[in-house]
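Asks:
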Amino acid sequence: PRSVIIKGTGSYTPQKALTNNDLSKFVDTSDEWIFTRTGIRERRIAGEGETSSSMGAEAGKRAIEDAGLTPEEIDLVIVGTMTPDMPFPSTACLVQDKIGIRNAMSFDVEAACSGFVYIMEIACGLLQTGRYKNALIIGSETLSPVLDWTDRTTCVLFGDGAGAAVLSHAEEGDESGILDFIIGSDGSKADMLHQPGGGCAIPATVESLETRQHFLKMRGQEVFKQAVRVMGQAASEILEQNGIKPDQLKCVIPHQANIRIIESISSRLHIPIERFFLNLDKYGNTSAASIPIALDEAARAGRLEAGDYILIVAFGAGLTWGATLLRW
Ligand code: ACO
Numbered sequence: 005p006r007s008v009i010i011k012g013t014g015s016y017t018p019q020k021a022l023t024n025n026d027l028s029k030f031v032d033t034s035d036e037w038i039f040t041r042t043g044i045r046e047r048r049i050a051g052e053g054e055t056s057s058s059m060g061a062e063a064g065k066r067a068i069e070d071a072g073l074t075p076e077e078i079d080l081v082i083v084g085t086m087t088p089d090m091p092f093p094s095t096a097c098l099v100q101d102k103i104g105i106r107n108a109m110s111f112d113v114e115a116a117c118s119g120f121v122y123i124m125e126i127a128c129g130l131l132q133t134g135r136y137k138n139a140l141i142i143g144s145e146t147l148s149p150v151l152d153w154t155d156r157t158t159c160v161l162f163g164d165g166a167g168a169a170v171l172s173h174a175e176e177g178d179e180s181g182i183l184d185f186i187i188g189s190d191g192s193k194a195d196m197l198h199q200p201g202g203g204c205a206i207p208a209t210v211e212s213l214e215t216r217q218h219f220l221k222m223r224g225q226e227v228f229k230q231a232v233r234v235m236g237q238a239a240s241e242i243l244e245q246n247g248i249k250p251d252q253l254k255c256v257i258p259h260q261a262n263i264r265i266i267e268s269i270s271s272r273l274h275i276p277i278e279r280f281f282l283n284l285d286k287y288g289n290t291s292a293a294s295i296p297i298a299l300d301e302a303a304r305a306g307r308l309e310a311g312d313y314i315l316i317v318a319f320g321a322g323l324t325w326g327a328t329l330l331r332w
């Protein structure tokens, strides 16, 4: 099969920033606690009318433009999100309409913070059938409405935003391309990080709302340990199976959850922290949007050059995890 390249990237984050100091006015926390434990200084919060589909459409338009394509040329739209606009129709269909894409298969994938790596793998597979030419893949999350703003152990960690990429076939002889994936899941740890209410198991009732079932719940320390374990393992396996040494990597784009998780992976893999692209200080954890926002910012900042080996690695609720290795 022909190799698949990232032809363009785009991102969109809401205007409204919420700083750690802003948060300390309504929950018992401080800038010092949040920054030293997580590396986060502020996060963006969706404003009036901003949703996963509207932010996703903005990021998507920017990626299509960056790829030098028009919406008519996109024939596959996949959105990774755990915060869709509504249970159905899919956010991908809403995005497809907002961008004016007319001839595409559109659907959502829910793999929490690993969503973008999952949809990269799916889009690559579909492009390699030869039946699709240009895939628009988007990670978009509006986490602010599912956060319990009275729970300091979770609300300080997350933010809203969207990032996108256009994947297409590489030209003949092109050295760049997406080389490999390692992806996994472990549903036995589903309750480590979840939003129990809102689906068919716990539909919205007065009681379920009063008992706050519709908010994100997390056992932070356990998630931390699992994140270091599964991301470290996926990253070292993918390097090993492709014969790439850590010092050949020009840039690592990790899921932006917590600087201490990223530092642990940096020392475990013997990859200097300077090679990791970091923007979690500005956005917090934006779940499936975190990697494509970082990818877009890294590309626009000139951190990625043709021929560079780049590692992307993520983990999230499910549990889910994934790593991909590519040449820019
Ligand atoms: N401000 C002040 N104090 C706080 C806050 C806060 N925002 N949150 C918790 N504390 C307190 C706790 O109550 C606790 O107090 P106690 O000792 O009196 O009980 C103390 O701080 C220490 O709490 P810990 O939970 O031990 O703190 P820890 O160092 O483990 O940091 C954190 C917590 C930041 C949540 C960390 O465990 C973490 O990052 N875990 C991973 C989370 C993550 O990445 N989740 C995203 C997964 S991706 C996805 O799919 C969405």
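The opening position of the sequence shown corresponds to residue 5 in full-length UniProt numbering, with each subsequent residue numbered one higher. From the three backbone atoms N, C-alpha and C, an ideal C-beta is built for every residue, glycine too. As the structure is a computational prediction, the values presented were derived from the model and not from experiment.
1) Using C-beta distances below 6 Å, list every residue in its chain close to Ser294, excluding the 5 sequence neighbours before and after it, in chain order.
2) Check Phe92 in the structure and name its three-state DSSP category.
3) Measuring alpha carbon to alpha carbon, tell me which of Ala71, Gly64, Gly288 ends up nearest Lys11.
4) Is the beta carbon of Thr23 sitting closer than 7 Å to the one on Glu46?
5) Three or more C-beta pairs under 8 Å: does that hold for the segment 180-197 against the segment 21-41?
6) In angstroms, rounded to a whole number, what distance separates the CA positions of Gln230 and Ile269?
7) With a threshold of 6 Å on Cβ separation, who are the neighbours of Leu197 within its own chain once the five nearest residues in sequence on each side are excluded?
8) State the beta-bridge partners of Ala166 as determined by DSSP.
9) Assign Leu323 to buried or exposed, taking buried as 16 or more other Cβ atoms, counted over all protein chains shown, within 10 Å of its Cβ.
10) Keeping to the same chain, check which residues put their C-beta closer than 6 Å to that of Gly163; ignore five residues upstream and five downstream.
11) Does any heavy atom of the ligand ACO sit closer than 6 Å to the C-beta of Phe281?
12) Quick one: any contact between the segment 51-67 and the segment 93-101, if contact means 3 or more CB pairs under 8 Å?
13) Cα separation between Leu73 and Val232?
14) Looking at C-alpha atoms only, which residue of Leu329, Leu140, Glu211 is the closest neighbour of Leu253?
15) Could you say which of Ala298, Glu309, Arg304, Ala310 lies nearest to Ile316 if we only look at CA atoms?
16) Tell me, which residues are paired with Ser189 by DSSP?
17) With distances taken from CA atoms, which of Asp152, Gly119, Cys128 is nearest Arg216?
18) Could you give the distance in angstroms between the alpha-carbon of Leu284 and the alpha-carbon of Thr13?
19) Any heavy atom of the ligand ACO within a distance shorter than 6 Å of the CB on Thr42?
20) Is the Cβ-Cβ distance between residue 336 and Pro250 less than 7 Å?
21) Please work out which residues of its chain come closer than 6 Å, Cβ to Cβ, to Ser110, disregarding the five sequence neighbours upstream and downstream, and give them in chain order.
22) Report the CB separation of Trp332 from Ser148 in whole angstroms; it is logged as a contact under 8 Å.
23) Return yes when at least one heavy atom of the ligand ACO lies under 6 Å from the C-beta of Arg6, else no.
24) What is the DSSP secondary structure of Phe281, counted as helix, strand or coil?
25) Just to confirm, does Cys255 get its C-beta within under 6 Å of one of the non-hydrogen atoms of the ligand ACO?
26) Gly224 to Thr157, Cα distance in whole Å?
27) Count the other CB atoms within 10 Å of the CB of Val210; is the residue buried (16 or more) or exposed (fewer)?
28) By a C-beta neighbour count over all protein chains shown, 10 Å radius and 16 as the cutoff for buried, is Gln245 buried or exposed?
29) Tell me where the alpha helix (DSSP H) around residue 352 begins and ends.
30) Here's the rule: buried if 16 or more other CB atoms are within 10 angstroms of the residue's CB, otherwise exposed. What is Gly43?
31) Alpha carbon to alpha carbon, how far is Gly104 from Ser7?
32) Is Asn107 a contact residue of the ligand ACO, with contact defined as CB to any heavy atom under 6 Å?
33) Tell me the residue span of the alpha helix (DSSP H) that contains Ala303.
34) Could you check what DSSP says for Asp312 in three-state terms: helix, strand or coil?
35) Cβ of Val113 within 7 Å of Cβ of Gly326?
Replies: This is what the structure holds:
1) If we look at Ser294 and ignore the five residues flanking it on each side, its Cβ neighbours are His259, Gln260.
2) Under the three-state reduction of DSSP, Phe92 is assigned to coil, being neither helix nor strand.
3) Among Ala71, Gly64, Gly288, the Cα nearest to that of Lys11 belongs to Ala71.
4) Yes; because the gap between Cβ atoms is below 7 Å, this pair is in contact.
5) No, because fewer than three Cβ pairs between the segment 180-197 and the segment 21-41 fall closer than 8 Å, the two stretches do not touch.
6) Going by the C-alpha atoms only, they are around 12 Å apart.
7) Counting only Cβ-Cβ distances below 6 Å, and skipping sequence neighbours, we find Met222, Val227, Ala321.
8) Answer by DSSP bridge pairing, in chain order: Tyr16, Ser144.
9) Burial of Leu323 is indicated by the presence of at least 16 other C-beta atoms within 10 angstroms of its C-beta.
10) Residues Arg47, Arg48, Tyr287, Gly288, Thr290 of the same chain have their beta carbon placed closer than 6 Å to that of Gly163, with the five preceding and five following residues left out of the count.
11) Not under cutoff, so the answer is no.
12) Flag = yes, the segment 51-67 and the segment 93-101 touch.
13) Roughly 38 Å between the two C-alpha positions.
14) For Leu253, the nearest C-alpha among the options comes from Leu329.
15) The closest CA to that of Ile316, considering only Ala298, Glu309, Arg304, Ala310, is found on Ala298.
16) Paired residue(s): Thr324.
17) Residue nearest to Arg216 within the set Asp152, Gly119, Cys128 is Asp152 (criterion: CA-CA distance).
18) Rounded to the nearest angstrom, the two C-alpha atoms are 19 Å apart.
19) The beta carbon of Thr42 sits closer than 6 Å to at least one heavy atom of the ligand ACO.
20) Nothing can be reported for residue 336, as the shown portion of the chain is limited to 5 through 332.
21) Cβ neighbours of Ser110 beyond the five flanking positions: Val81, Ala96, Cys97, Gln100.
22) No, Trp332 and Ser148 are not in contact; Cβ-Cβ is about 33 Å, not under 8 Å.
23) Using a cutoff of 6 Å, the CB of Arg6 does not count as near the ligand ACO, since none of the ligand's heavy atoms is closer than that.
24) In this structure, Phe281 counts as coil in the three-state DSSP scheme.
25) No, the beta carbon of Cys255 sits no closer than 6 Å to any heavy atom of the ligand ACO.
26) Looking at the backbone, the Cα of Gly224 and that of Thr157 are separated by about 8 Å.
27) Result: exposed.
28) With fewer than 16 neighbouring CB atoms inside 10 Å of its own CB, Gln245 falls in the exposed class.
29) The requested residue 352 does not occur in the structure, where the chain is confined to residues 5 to 332.
30) Its Cβ being crowded by 16 or more others within 10 Å, Gly43 is buried.
31) Distance between the alpha carbons of Gly104 and Ser7 is about 27 Å.
32) Outside the cutoff, so no.
33) From DSSP, the alpha helix (DSSP H) with Ala303 extends over 294-304.
34) Residue state, collapsed to three classes: coil.
35) Judged by beta-carbon spacing, Gly326 lies beyond the 7 Å limit of Val113, meaning their Cβ atoms are not closer than that value.
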